[in-house]
Structure formats: C-alpha cells, structure tokens
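Step one of this worksheet: look at the structure below.
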C-alpha cells in the first residue's frame, strides 16, 4: 500500500507583520499569528503626558527673581501661588538655618557634636542628619581638597544641615590614607550612609549636583527642594547648550569642508 501523500500546501509569507489583504486571509485561518498592537500610540501618549507634566511644573525650582521675570508671560494668579510657595519655603529655611559653616571636630567633641546632635528632632519626627567629612592628613589628596571645598559651599547653602570635618587619623587611629576622604552620615545616633573616597560620586569632578543626590538619598533635603531643582535645571540647560554648540560646530565644520572641496574643484 502506497504511503499517503502530504496534502499540506506551502504558503508564501514575505512579512507576517505587513498590512496586506493576503496576510489578513492568513491570520483569519490561523496560518500566521495576529499582528501585535503598534507601540506608537503608547509612545505618543507617554510623550504627551511628559509634555503636560513639564508644562504644569514649569515653575518648579525657580526663585523669586526668576518668577518676577515671568510676570508678562504667566497668568498672574498662577504666578502668585508660586511666589507664596517660594516665600513660605524661604521662611521655613531661615527658621531652620542653625549652622551655615563647617564645624571642625576634635575627638572629645565627636560624640556631642555628631552622634548626639543627630538624635535631635529637626521637625520631621526623626533626628536631623549630620554629615561628617573625614579628610586626609596630608595636603596631597586631591579628592579630600575637592570635598572640603564642596563641604564649605554646601554648608553655606544648606544652613539647616550640620556639616562637620575632621582628620581621619584623629577620628580613627590607623585609618588608611587610601580611604580618604570618607563621608559619614549620622541619623538618630547611627551611621546611615558611608561613602569611602569619591570614586562612586564623581571622583575629582564631584560637584554640588552630586552632593545634592546624597542629601536627597539620606533624607536631609527633599527631592522637590527648590535649591536642588534649580541646580538640576541649570545643569540640564548647560548640557542642552553644550549639545547645541557641538551640533552647530559640526554643521559649520561640514560646511567649511564642502566649501574647501568646491574651491579645490575650481583650481
């Protein structure tokens, strides 16, 4: 008895995702799977939502002077609501600005100025964070010099936060020089964050923007703090300007090359 013949027919399929009448027939008969939904509407919806949020929050992080410059461009009631919000934030910061400079530490003071100070209620229901910079004992440690300068700037700007500094070898006997600088963050009497050297926070290029991230991470300031938002926005604007400058420079270079090529053709 002869073997039964294979009655299946090979169906040509060029692109199973193409919108063709032939593919519709194949999908109807289950030859090819249904075409997956296009991600385009979801992407467009996400972009539209991002633009809407950006527009609604366009005044976030702007200080009083910047808000004044927008008087002719923004709705007066909308602008005044942000002015009142900024003034309340400034008044709150002034009330809590108890420090304003870096505290140099000695070992006998450490427990009182750091451990005990971090247990005091800063109005949030928990202790106020205390930031300690353990600096190098030598003047050759570049990262230590960088962090000490950032510590000074941050202490002046964030007067409600206590920034302390101490030589690492005086705080911890035999502390390795290679681990300097070291950042210790205390809260409620305990170390809640430790950063050994600046390798993970920008290295010698560490900036206040990087320090802001640490302050937010440890709950010392809110992510919506106007100082954080302003510096973040300035960094984004600077990056956009850098990209635009690079693009314009590339276009100019390309034009110059074409012009030189054209000049060569006439030689």
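In UniProt numbering, the protein residues as written are 1 to 267.
Cβ coordinates follow ideal geometry from the N, Cα and C atoms, glycine included.
Owing to the predicted nature of the structure, the values given are computational and were not obtained by experimental measurement.
Terminal residues of the continuous beta strand (DSSP E) containing residue i?
i: residue 25; result: First-last for residue 25: 21 to 28, but that is the alpha helix (DSSP H), not the beta strand (DSSP E).
i: residue 184; result: 182 to 187
What whole-angstrom Cβ distance do residue i and residue j have, given they're in contact under 8 Å?
i: residue 204; j: residue 142; result: 5 Å
i: residue 212; j: residue 202; result: That pair is no contact at about 11 Å.
Name the two residues that bound the continuous alpha helix (DSSP H) containing residue i.
i: residue 102; result: Note, residue 102: premise wrong, no alpha helix (DSSP H); not H, not E.
i: residue 194; result: Residue 194 -> not in any alpha helix (DSSP H); beta strand (DSSP E) instead, spanning 190 to 196.
i: residue 114; result: First-last for residue 114: undefined, no H or E at that position.
i: residue 152; result: 142 to 157
i: residue 209; result: 208 to 217
What are the partner residues of residue i, as DSSP defines its beta bridges?
i: residue 167; result: 135
i: residue 162; result: 130
From residue i to residue j, what does the alpha carbon distance come to, in whole angstroms?
i: residue 167; j: residue 222; result: 30 Å
i: residue 157; j: residue 249; result: 37 Å
i: residue 108; j: residue 207; result: 31 Å
i: residue 9; j: residue 31; result: Confidence at residue 9 is low in this model, with a pLDDT of 47, below 50, so the placement of that residue should be treated as unreliable; the coordinate-derived value is given next. Their Cα atoms are separated by approximately 11 Å.
i: residue 187; j: residue 151; result: 18 Å
i: residue 19; j: residue 240; result: 40 Å
i: residue 33; j: residue 22; result: 13 Å
i: residue 191; j: residue 165; result: 15 Å
i: residue 219; j: residue 104; result: 23 Å
i: residue 113; j: residue 200; result: 27 Å
i: residue 231; j: residue 29; result: 60 Å
i: residue 84; j: residue 224; result: 16 Å
i: residue 116; j: residue 98; result: 16 Å
i: residue 172; j: residue 106; result: 11 Å
i: residue 214; j: residue 24; result: 56 Å
i: residue 49; j: residue 229; result: 20 Å
i: residue 135; j: residue 235; result: 28 Å
i: residue 246; j: residue 237; result: 14 Å
i: residue 170; j: residue 180; result: 13 Å
i: residue 100; j: residue 148; result: 14 Å
i: residue 43; j: residue 27; result: 26 Å
i: residue 111; j: residue 193; result: 17 Å
i: residue 35; j: residue 243; result: 39 Å
i: residue 41; j: residue 120; result: 52 Å
Got a sec: does the ligand ADP put a non-hydrogen atom nearer than 7 Å to the Cβ of residue i?
i: residue 194; result: As presented, the structure is devoid of all ligands, the ligand ADP included, so that no description of it is given.
Among the options, which residue has its Cα nearest to the Cα of residue i?
i: residue 174; options: 210, 137, 162; result: 137
i: residue 144; options: 183, 210, 84, 245; result: 183
i: residue 177; options: 189, 197, 185, 100; result: 197
i: residue 129; options: 181, 229, 148, 159; result: 159
i: residue 102; options: 133, 118, 110; result: 133
i: residue 227; options: 135, 37, 153, 46; result: 153
i: residue 162; options: 185, 243, 180; result: 185
Taking only beta-carbon atoms, is residue i less than 8 Å away from chain C?
i: residue 246; result: Absent here is chain C; the protein component of the structure consists of one chain.
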